[in-house]
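Taken in order, the sequence shown gives residues 126 to 587; the numbers are from our numbering.
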Amino acid sequence: MNAFAINTLGCKVNQYESQQIRELLEQMGLTMVLTADSPDFVIINTCCVTRSASAKSRQYIRKAQKLNPEAEIIICGCLATAQLDELNDIDGKVHLIDNRRHLAGRLKKIIKNKITNQKTHTYQTHQPKDIKTEIPSKIKCKNDLDGICELPLLTCFKGHTRAFVKIQDGCDAYCSYCIIPKTRPVVHSISAEKVLRQVKNLVNAGHKEIVVTGVFLGAYGQDTTIRKRWSDGRNAKLAELLDKMAAIAGLARIRLSSLEPADVTERLIDTFCRHRNIMPHLHLSLQSGSDAILKKMRRQYDISEFKEKIDLIKSRLDRPAITTDIIVGFPGEREEDFQQTAALAKEVGFAKMHIFSFSPREGTSAAKMQDAVTNRVIKSRSAMLHNLGNQLGRDFREQFIGETDAVLLENGRGRICGRSKRYFMVSVEGDGFQCEKNALVEVKLVKNTPDGAVGEFIRRID
Ligand code: SF4
């Protein structure tokens, strides 16, 4: 048997690409197994967004080497692409794919070599680590480079209820804390035809919810993520794509992964209002509630625009869930900057806040900034914001207690739960209720809990 395992770190885009790798390898006749089940190939799709993500990637590599000394270990993803020096302490022979454009080709070659060698019983040593990489800035940016790594479109999203579909990749905005413009410098979009074909495949495979994913979703159809370079500063292409996606028969739910305030336009909100299968949930990255800090972060919005877009969303959608990311302790963050973040969070009433403690990422301009906030202060601000986030989440959910909601069940063992329309977790109970993973059920929300809600099963609605 030729078997492979994939270990994935990092964001939804990485997870999507791991599924593409799976499709490619299955097309070549290989079978996916767990890393502990002695695969012939172990692929580590790495992440380097923070120092700890890099460390975790290295940990996965070492663990795979230890568990599978005979396997071909293949390292790809962001760490291999942009922070090669952080892999210098990896001993042993590995295949390093440091350029996404060569991912499919190199994978095929490694696998064919190994299979051929097995058949002829000759052993050929692995390629040594190649630590030369193409300078990303030399890659020309252009649209519709979806064939860039020649990985196949997805026919299913194995092991997951919700399927992620990447529609856009790359960023050249260079927010001062972010390494992504170095790991994914080529700004490009997947053609609507390919996106829609893939969504239909996934619906046919039984997926009921699609999460539309990209590095910078609002730049769909553009060849830069710098808004002032867009011809009219606006972009209707994402809304146009969603209109077509929402019309696909059998697609029960669409969710967007992340947007910036300027991506929220009347046109986009019209699309949300027009289609019942687009969930009333927007993830808008705030990062800081202080204009001074946003400026140092080089974000492309200010607080007044953020608030304006929140008002627009709330005026058009029924009690939408607005979730966000916040970075605590960015260099130069004073107590009053932090208090502005906390005050804005309360004003918006975020349904969920993802809080990140700032840690300098080598290779970014923020890593060289003065006025570092001490770890003690970061810890205490982060704890305060976590408490506030929990309270705001609870307050948000409270307004739905007593109402009915639709829940997409995610697990069939132990606690039966799934996501509501507004993305909070609902634990489903009921006499004679049989849980089936991936079932869409109607529940009555009866209780608010610290981490979600409890719903009583009413009926299946799929
Ligand atoms: S917009 Fe900023 S935070 Fe987002 S990927 Fe680009 S550089 Fe990173």
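Positions of the beta carbon are idealized from the N, C-alpha and C atoms, including for glycine.
task = Starting from N132, trace the alpha helix (DSSP H) both ways and give me its first and last residue.
result = It is not in any alpha helix (DSSP H) - N132 instead sits in the beta strand (DSSP E) that spans A128 to T133.
request  = Give me whichever residues DSSP pairs with E554 in a beta bridge.
outcome  = E581
ask   = Could you check where the beta strand (DSSP E) with F481 kicks off and where it finishes?
value = K477 to S482
ask   = Are there 16 or more other CB atoms within 10 angstroms of the CB of K493, so buried, or fewer, so exposed?
value = exposed
inquiry  = With a threshold of 8 Å (Cβ to nearest heavy atom), would I133 be considered close to the ligand SF4?
reply    = Rather than Ile, the amino acid found at residue 133 in this sequence is Thr. Answer for T133: no, Cβ out of range of the ligand SF4.
ask   = Helix, strand or coil for A189 per DSSP?
value = helix
ask   = Of the choices N326, K181, L411 and P405, whose alpha-carbon is the least far from that of D443?
value = P405
inquiry  = Here's the rule I'm using: 16 or more other beta-carbon atoms within 10 Å means buried, otherwise exposed. How should I199 be labelled?
reply    = buried
query = How would you write the range of the alpha helix (DSSP H) that V566 sits in, first residue to last?
reply = Per DSSP, V566 belongs to no alpha helix (DSSP H); it is in the beta strand (DSSP E), L565 to T574.
key: DSSP-derived helix/strand/coil call for Q412   = strand
task = Let me know if H220 comes out buried or exposed under the rule of 16 or more other beta-carbons within 10 Å of its beta-carbon.
result = buried
query = Quick one, what's near the ligand SF4 if you take every residue whose CB is closer than 6 Å to any heavy atom, in chain order?
reply = C296, A298, Y299, C300, C303, I305, P306, V340, F341 and T350
query = Below 9 Å between beta carbons: does that hold for R287 and E334?
reply = yes
task = From the DSSP output, in three-state form, read off C300 for me.
result = coil
key: Segment limits, alpha helix (DSSP H) that includes A288   = Where A288 is concerned, there is no enclosing alpha helix (DSSP H), although the beta strand (DSSP E) it sits in stretches over R287 to D294.
query = Below 9 Å between beta carbons: does that hold for A417 and D462?
reply = yes
key: Distance between R401 and G580 (C-alpha atoms, nearest Å)   = 21 Å
query = Using CA coordinates, which residue listed in G518, I169 and S440 is at the minimum distance from A470?
reply = G518
request  = Would you mind reading off the limits of the alpha helix (DSSP H) that contains R522?
outcome  = N500 to E523
ask   = Candidates T529, S482 and A497: which alpha carbon is nearest H511's?
value = S482
query = For A178, which residues from the same chain have a beta carbon less than 7 Å from its beta carbon, with the 5 sequence-adjacent residues on both sides left out?
reply = L134, G135 and C172
task = Give a yes or no on whether the C-beta atoms belonging to Y299 and S484 are separated by under 9 Å.
result = no
query = Does the stretch 523–538 come within contact of the stretch 495–503, defined as at least 3 CB pairs closer than 8 Å?
reply = no
query = Assuming K239 contacts E195 under a Cβ cut-off of 8 Å, what Cβ separation, rounded to an integer in Å, is found between them?
reply = 11 Å between Cβ atoms; not a contact.
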